[in-house]
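Numbering (this note's numbering) for the sequence shown: 1060 to 1213.
Cβ atoms here follow ideal geometry from the backbone N, Cα and C, with glycine treated the same way.
Note that the coordinates shown come from a computational prediction; the quantities given were computed from them, not determined experimentally.
Here the structure comes first, spelled out in structure tokens, and everything after it is commentary.
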Amino acid sequence: MSAETAHTHPSPNDCSLYFSPQSSFNSSSLRVPQSRYQELEVALDSSSATINQLNENIESLKQQKKQVEHQLEEEKKANNDIHKAQTEQLETINILTLEKADLKTTLYHTKRAARHFEEESKDLAGRLQSSLQRIQELERALSAVCTQQREEDR
């Protein structure tokens, strides 16, 4: 109790407050102050309990706030990680898209070159066939000339 409160509010146990030499002493005059004291004591206890409960609630809310802030930080970190991963995936997709376009171009040119080589190969195969036939003809002709020359030499 502060000095001011003690000065303005005397102790409830101080009987001189309730009795004066002029007052008559009876049980009802004694009960009223005691009853008021009990009411104030109950109100004080109730207020004290309420204050304690509110302080507990405040502490609980502070803990909840810390937990929520921690969870929020964790979620921000997770979101940043997800964003970073998505950005990397987009970059990878862009790179792969460019590579795909390059591969399509290369495939087009390769197919075109393959068709050209196929046509050239067919042409060369035809020429080779003609050359082989010509060689066979020349070999037969040479064989005939050789046979004829042998017969003449005999």
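Annotated three-state conformation of R1193 is helix, per DSSP.
The beta carbon of Q1112 sits closer than 8 Å to no other beta carbon from its chain once the five residues preceding and following it are set aside. Residue state for R1186 is assigned as helix, using DSSP reduced to three classes.
Separation of S1105 and T1146 (C-alpha to C-alpha, rounded to the nearest whole angstrom) is 59 Å. R1213 and A1200 have their C-alpha atoms roughly 20 Å apart.
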